[in-house]
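Structure, as structure tokens:
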Amino acid sequence: MEENTNLSVVVGGGNGIGASCCRLMIERGWRVVVADINKHAADGVAKAIGGFSYALDICDLAAVEEIAAEIEHAHGSVSAMVVAAAAFQEIKYSPDAFPMDLWQKIIKVNLEGTFNANRVFGARMARKGKGSIVNIASILGHASSPQHAYGPTKAAVLNLTRNMAAQWGKSGVRVNSVSPGATLVPHVVARPTGRYATDIDAQMALGRRIQPNEIAEGVEFLCSDRASAITGTDLLIDAGWLVANSWGLYGGIPGPVE
Numbered sequence: 002m003e004e005n006t007n008l009s010v011v012v013g014g015g016n017g018i019g020a021s022c023c024r025l026m027i028e029r030g031w032r033v034v035v036a037d038i039n040k041h042a043a044d045g046v047a048k049a050i051g052g053f054s055y056a057l058d059i060c061d062l063a064a065v066e067e068i069a070a071e072i073e074h075a076h077g078s079v080s081a082m083v084v085a086a087a088a089f090q091e092i093k094y095s096p097d098a099f100p101m102d103l104w105q106k107i108i109k110v111n112l113e114g115t116f117n118a119n120r121v122f123g124a125r126m127a128r129k130g131k132g133s134i135v136n137i138a139s140i141l142g143h144a145s146s147p148q149h150a151y152g153p154t155k156a157a158v159l160n161l162t163r164n165m166a167a168q169w170g171k172s173g174v175r176v177n178s179v180s181p182g183a184t185l186v187p188h189v190v191a192r193p194t195g196r197y198a199t200d201i202d203a204q205m206a207l208g209r210r211i212q213p214n215e216i217a218e219g220v221e222f223l224c225s226d227r228a229s230a231i232t233g234t235d236l237l238i239d240a241g242w243l244v245a246n247s248w249g250l251y252g253g254i255p256g257p258v259e
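Take 2 as the starting number for the sequence shown in the numbering used here and just add one per residue.
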């Protein structure tokens, strides 16, 4: 494989899907900047893979602009950016009981933060005439759920992605998104197993959940020149959850053929 010397920035690269993206991109020859609000986590991933690390709060537009300038000065132009930073809702609240401070935090990180990163890095790519952005959305941006803040923000990320793709396409910048389904990141693996896990797996057309590296494969593809004609697209990586979701009305999805 020809060595890829392009520089990628993974925002939210200190853990979970973001960290998996960092590891895979290094394996594929990218130079990788790990940017995360948790500097210790970013340092750990960067040290493990041989990348560079920066502390970054994407909710702070001025900080995003400053770090983008620092990265370009120290390492050169950014060829690809992945936005994997996100705020989650771990507890199911009814809409009338949803804490407004949590609502505002999730919107600020997932939507405003994603916009900030796209705005700053996308504009720099546009001025250079080439670049690729991949925003991590979610299967919950496509379907209803009790995630009354997280789901709507991810639906908004899907629209934001399409808008940015149209905005910068003629400047050589591609913008796409990836919508993961139930992925076995550390905070999910730590949850109870047994029937909980079996019930989730049974809802997938493939009968299992997703490994983080499987999400990273889709992300790296969209970042690369192999996806040179793809923009404004969302890649569902959900083990077939969305296509199987309505089958419960008909007795569930079929088992394996014997």
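Quick reminder that beta carbons are idealized off the backbone N, C-alpha and C, glycines included.
Along the chain, where does the beta strand (DSSP E) that runs through residue 140 open and close?
-> Here residue 140 refers to the residue found at position 139 of the sequence shown. Segment: none, residue 140 is in no beta strand (DSSP E) and carries neither H nor E.
Local conformation of residue 213 per DSSP, three classes | One-based indexing of the sequence shown puts residue 213 at position 212. Reduced to three states, the DSSP call for residue 213 is helix.
Mind checking residue 143: buried by the 16 CB within 10 Å criterion, or exposed?
-> As a working mapping, residue 143 is identified with position 142 in the sequence shown. Buried, by the Cβ-count rule.
N-terminal and C-terminal residue of the alpha helix (DSSP H) that residue 102 is part of = The residue you call residue 102 lines up with position 101 of the sequence shown. Run containing residue 102: 101–108, per the alpha helix (DSSP H) assignment.
Exposed or buried, residue 128, counting other C-beta atoms within 10 Å across all chains shown (16 or more means buried)?
-> For the purposes of this step, residue 128 is identified with residue 127 of the sequence shown, where counting begins at 1. Label assigned to residue 128: exposed.
Terminal residues of the alpha helix (DSSP H) in which residue 26 lies | Looking up residue 26 in the sequence shown gives position 25. 17–28 is the span of the alpha helix (DSSP H), which, as asked, contains residue 26.
Identify the continuous alpha helix (DSSP H) that holds residue 151 and give its terminal residues.
-> By 1-based counting over the sequence shown, the position of residue 151 is 150. Its alpha helix (DSSP H) spans residues 151–169.
Residue 7, enclosing beta strand (DSSP E) - first and last residue | Translated into the one-based positions of the sequence shown, residue 7 becomes position 6. Run containing residue 7: none; DSSP gives neither H nor E here.
How would you label residue 26, buried or exposed, when you count the other beta carbons within 10 angstroms and need 16 or more for buried?
-> Translated into the one-based positions of the sequence shown, residue 26 becomes position 25. The residue in question, residue 26, is buried, as its Cβ has 16 or more Cβ neighbours within 10 Å.
Is it right to say residue 95 is buried, meaning 16 or more other beta carbons lie within 10 angstroms of its own, or is it exposed?
-> Taking the first residue of the sequence shown as 1, we reach residue 95 at position 94. Looking at its Cβ environment, which holds fewer than 16 other Cβ atoms inside 10 Å, residue 95 is exposed.
In angstroms, rounded to a whole number, what distance separates the CA positions of residue 109 and residue 257?
-> Sequence index remark: in the sequence shown, residue 109 carries index 108 (1-based). Sequence index remark: in the sequence shown, residue 257 carries index 256 (1-based). For residue 109 and residue 257, the distance between alpha carbons rounds to 43 angstroms.
Going by other Cβ atoms of all chains shown within 10 Å of its Cβ, with 16 needed for buried, is residue 17 buried or exposed?
-> The count along the sequence shown starts at 1 and reaches residue 17 at position 16. Buried, since its Cβ has 16 or more Cβ neighbours within 10 Å.
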